[in-house]
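**Q**
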Amino acid sequence: MLRWALSDGVRRLAEHVIANPRDIRSAIAFETQTHYGQIPGVVDARATLCEQELSCDSTLFVVSEPALSLLTRRNHVLAWVLREAESLALSAIRRHKLGPDQDWIHARVGLLERAARTRMLREVMLSPAGRRRPAGAAIRDARKSLSPLYRMAADSMLLFEGIERVEPDAIRAILSNTLIAQLEDWQKLELATALAAAEALAAQTGDRVRWKGSIAGGSEIASVGRYRVRWQNALPKRTAEHLDPSEAMIRETAEALRAGMGLARADVSIRDADIGMDVAHFECKWFGSPLSASAAIVDAISQLVRYCRDSRPGGIEQAQAMLRDCVVVCSGLSGFEETLDGSKPVGLTDFSGLASGTLATWAARLHCRLAIYPN
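Going by the numbering used here, the first residue of the sequence shown is number 3, and it counts up by one from there.
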């Protein structure tokens, strides 16, 4: 439930309440009051006769008076969501003894607290009815509201209930929102490539995919038996004697100008832990226009060739052999032919190919080759 409390939906709800407190609406409710000698509202004749008989006072009247009330079904849902989220976040801080260094969660608790302490919502929370969990009728009423504030509150409440019931859609929604940070499209393509490669290797080897607790660039993010999947893998530089003349000229010129050349970073790399070497690289290219496909593919090939040279500095033949196990992954093929069977010098696929499982061919070929020729 902590992921729900820290989700973007609850955060946006709290920010809306703080920025627009006037969006919290009251409603007219009728309160029953007893008055003597005056009739300020609508008389309840039956109750009046009973009270007059019991008190022997003919000036007593029981009336219903209209009054503005904040204790509406919609406000009940809104207040409960904010209070529950704040309670869950505070509980996590106390349970895990999170100090000031975890400033992000303390900032989120502060945001939820400011929203929940809004004057109108405090009146709802302090009432006996407001402390109870909203029923289904209250949630349905909030969903029908014309105000986006109450619709957001209802959506958060329904997500909370879905997580309680362990509904797959609710679990998927909250994990996709909180497990991985909001990424750019090209980053999502890279992670999708890593996931597809790991699943293909798992299907081929029969081993389970074991994801790391923290997914970060430049580190190992998953393991499948002997294989390690790395995202944004930094490759060691080749020594001067292994550089082509043009590459040596570039390095010498850059060093003369004191311009450091950074390490090459493959988008996704597959490492064989048994031999301690990278055995395949993926280069991902995201583009919006099909007209950019050709240039993107050529650029990806150039990068993969450099990665293979860095991974196999001993000779061009070894680099060429490794290149056949490497794949260019595009956002769309845009008319180019998909190839993963090793018949071309490098593989090519797109996001649709990843989703349909076409990397199974690549995984089978790679695993069989390493079984025969480990290096």
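C-beta: ideal position from N, C-alpha, C; glycine also.
How many angstroms separate the CA atom of Ile-374 from the CA atom of Arg-367?
**A** Within the sequence shown, residue 374 is the residue found at index 372, counting from 1. Within the sequence shown, residue 367 is the residue found at index 365, counting from 1. About 11 Å.
**Q** Less than 8 Å between the C-beta atoms of Glu-285 and Ala-297, yes or no?
**A** Start at 1 with the first residue of the sequence shown, and residue 285 comes out as number 283. Start at 1 with the first residue of the sequence shown, and residue 297 comes out as number 295. Taking 8 Å as the Cβ cut-off, Glu-285 and Ala-297 do not qualify as a contacting pair.
**Q** In chain order, what residues of the same chain have a beta carbon less than 7 Å from the beta carbon of Ala-16, not counting five sequence neighbours either side?
**A** Along the sequence shown, one-based indexing puts residue 16 at 14. Answer for Ala-16: Leu-84, Leu-113, Leu-114, Ala-117, listed in chain order.
**Q** How big is the Cα-Cα spacing for Thr-241 and Ile-165?
**A** For the purposes of this step, residue 241 is identified with residue 239 of the sequence shown, where counting begins at 1. For the purposes of this step, residue 165 is identified with residue 163 of the sequence shown, where counting begins at 1. Cα to Cα, the separation comes out at about 54 Å.
**Q** Applying the criterion that 16 or more other CB atoms from any shown protein chain within 10 Å of the CB defines a buried residue, is Ser-354 buried or exposed?
**A** The residue labelled residue 354 in the question sits at position 352 within the sequence shown. Ser-354 comes out exposed.
**Q** Between Pro-347, His-283, Ser-358, Thr-74, which lies nearest to Glu-319 when the distance is taken from Cα to Cα?
**A** In the sequence shown, counting from the first residue as 1, residue 319 sits at position 317. Closest option to Glu-319, Cα to Cα, is Pro-347.
**Q** In the structure shown, what three-state DSSP assignment does Gly-349 receive?
**A** Along the sequence shown, read from residue 1 onward, the residue named residue 349 stands at position 347. Residue state, collapsed to three classes: strand.
**Q** For Lys-287, count the other beta carbons within 10 Å of its own beta carbon; 16 or more makes it buried, fewer makes it exposed. Which is it?
**A** As a first step, residue 287 is located in the sequence shown; it is residue number 285 there, counting from the start. Lys-287 should be labelled buried.
**Q** Of the choices His-37, Val-231, Ala-362, Arg-14, whose alpha-carbon is the least far from that of Asp-1?
**A** The structure shown does not extend to residue 1, since the chain is modelled only from 3 to 377, so the question has no answer here.
**Q** With DSSP collapsed to three states, give me the class of Cys-58.
**A** Counting from one through the sequence shown, the residue named residue 58 turns up at place 56. Note: Cys-58 maps to coil in three-state DSSP.
**Q** Pairs of beta-carbons, one from the stretch 45–65 and one from the stretch 126–138, closer than 8 Å: are there three or more?
**A** The stretch 45–65 vs the stretch 126–138: no contact.
**Q** If you measure between the beta carbons of Ala-198 and Leu-8, is that distance less than 8 Å?
**A** Numbered from 1 along the sequence shown, position 196 holds the residue referred to as residue 198. Numbered from 1 along the sequence shown, position 6 holds the residue referred to as residue 8. No, the Cβ-Cβ distance between Ala-198 and Leu-8 is not below 8 Å.
**Q** Look at Arg-212 and Ala-144 and say whether their C-beta atoms are less than 8 Å apart.
**A** One-based indexing of the sequence shown puts residue 212 at position 210. One-based indexing of the sequence shown puts residue 144 at position 142. Taking 8 Å as the Cβ cut-off, Arg-212 and Ala-144 do not qualify as a contacting pair.
**Q** Could you pull the start and end residues of the beta strand (DSSP E) that Asn-235 belongs to?
**A** For the purposes of this step, residue 235 is identified with residue 233 of the sequence shown, where counting begins at 1. Unbroken beta strand (DSSP E) run through Asn-235: 229–237.
**Q** Under 8 Å by Cβ, that's how I've got Gly-43 and Ser-28 pegged, so tell me the actual separation to the nearest angstrom.
**A** Translated into the one-based positions of the sequence shown, residue 43 becomes position 41. Translated into the one-based positions of the sequence shown, residue 28 becomes position 26. Actually they do not touch by this definition, with Cβ atoms about 18 Å apart.
**Q** Classify Trp-188: buried if its beta carbon has 16 or more other beta carbons within 10 angstroms, exposed otherwise.
**A** Translated into the one-based positions of the sequence shown, residue 188 becomes position 186. Result: exposed.
**Q** Using CA coordinates, which residue listed in Val-331, Arg-311, Arg-134, Ile-223 is at the minimum distance from Ala-295?
**A** Residue mapping note: residue 295 aligns to position 293 of the sequence shown, counting from 1. For the residues Val-331, Arg-311, Arg-134, Ile-223, the minimum Cα distance to Ala-295 belongs to Val-331.
**Q** For the alpha helix (DSSP H) holding Trp-6, just list the boundary residues, first then last.
**A** As a position in the sequence shown, residue 6 is number 4, starting the count at 1. Run containing Trp-6: 4–7, per the alpha helix (DSSP H) assignment.
**Q** Helix or strand or just coil, what does DSSP make of Phe-63?
**A** The residue you call residue 63 lines up with position 61 of the sequence shown. It is a strand residue.
**Q** Assuming contact is defined by CB atoms lying nearer than 8 Å, are Leu-203 and Ala-323 in contact in what I supplied?
**A** For this step, residue 203 is matched to residue 201 along the sequence shown. For this step, residue 323 is matched to residue 321 along the sequence shown. Against a cut-off of 8 Å, the Cβ pair of Ala-323 and Leu-203 comes out as no contact.
**Q** Can you have a look at Ile-378 and say buried or exposed, based on whether 16 or more other CB atoms are within 10 angstroms of its CB?
**A** The chain is shown from 3 up to 377; residue 378 falls before or after that span and cannot be answered.
**Q** Flag this pair as yes or no: are the beta carbons of Ser-225 and Val-12 separated by less than 8 Å?
**A** Counting from 1 along the sequence shown, the entry for residue 225 is found at position 223. Counting from 1 along the sequence shown, the entry for residue 12 is found at position 10. No, these two residues do not count as a Cβ contact at 8 Å.
**Q** Using a threshold of 7 Å, is the CB atom of Pro-292 nearer than that to any non-hydrogen atom of the ligand FMN?
**A** The ligand FMN is absent from the structure shown, which contains no ligands of any kind.
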